[in-house]
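> Got a structure here, written out as structure tokens. Questions coming.
Residue numbers (full-length UniProt numbering): 1 to 158.
What follows is the structure, given as structure tokens:
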């Protein structure tokens, strides 16, 4: 599973080879702090959209910027291992920025997958995808499943 966790350059190189083989690449991103059913359903649906699924995983630093200083609960190395352990995820690559736009520009996935809760809303990734012909596809959002909800439930039990 650790061979599924790649650096930026290695990801770009592998994706270039996969494209030459005619493979379609889908990608998505997120914190995936406490893995739950919503994450797994989302990733399974994303994987069905292409031959290969790349998960761009927010680094600890970017999670802190997005979610606050108490997050992430699970360190990036462990989150990457857990995500890589899922059969539906082909590759995992960490990123430090607030958005995955730089990584998208580097390996240019055919499809960018977002949760259905983003449908009809502006997402910055579209500005990177459009020039090379990439597109956004949405998967169903699983209501009631979130790491934040899990953390609050645990806090309530203490």
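Where a beta carbon is used, it is the ideal one built from N, C-alpha and C, also for glycine. Please read these numbers as outputs of a predicted model, since none were measured by experiment.
Which of the three DSSP states is assigned to residue 54 in this structure?
In the chain shown, the residue the question calls residue 54 occupies position 54. Looking at residue 54 - three-state DSSP - the assignment turns out to be strand.
> Would you tell me roughly how many angstroms separate the C-alpha atoms of residue 103 and residue 113, rounded to the nearest one?
To locate residue 103, count along the chain shown from 1; it is residue 103. To locate residue 113, count along the chain shown from 1; it is residue 113. If you take the alpha carbons of residue 103 and residue 113, they lie about 14 Å apart.
> Give a yes or no on whether the C-beta atoms belonging to residue 34 and residue 92 are separated by under 8 Å.
Numbered from 1 along the chain shown, position 34 holds the residue referred to as residue 34. Numbered from 1 along the chain shown, position 92 holds the residue referred to as residue 92. No, Cβ-Cβ distance for residue 34 and residue 92 is not below 8 Å.
> Out of 124, 53, 72 and 22, which one is the CA nearest neighbour of residue 5?
Locating residue 5 in the chain shown gives position 5, counting from the first residue. Comparing Cα positions, the closest option is 53.
> Exposed or buried, residue 7, counting other C-beta atoms within 10 Å across all chains shown (16 or more means buried)?
By one-based count along the chain shown, residue 7 stands at place 7. Residue 7 should be labelled exposed.
> I'd like to know if the stretch 47 to 63 and the stretch 21 to 29 are in contact, where contact means that at least 3 CB-CB pairs between them fall below 8 Å.
yes
> Is the beta carbon of residue 125 sitting closer than 8 Å to the one on residue 100?
Within the chain shown, the letter at position 125 stands for residue 125. Within the chain shown, the letter at position 100 stands for residue 100. Cβ atoms of residue 125 and residue 100: closer than 8 Å.
> State the Cα-Cα distance for the pair residue 19 and residue 9, rounded to the nearest angstrom.
Along the chain shown, read from residue 1 onward, the residue named residue 19 stands at position 19. Along the chain shown, read from residue 1 onward, the residue named residue 9 stands at position 9. Using only the alpha carbons, I get a separation of about 15 Å.
> Does the stretch 53 to 69 come within contact of the stretch 138 to 146, defined as at least 3 CB pairs closer than 8 Å?
No, they do not touch.
> Runs of 4 residues minimum, wholly inside the UniProt domain "Cytidyltransferase-like" (28 to 122): which ones carry the alpha helix (DSSP H) assignment?
37 to 47, 60 to 67, 76 to 84 and 101 to 107
> Give the DSSP-derived three-state secondary structure of residue 137 in the structure shown.
By 1-based counting over the chain shown, the position of residue 137 is 137. Strand, per DSSP.
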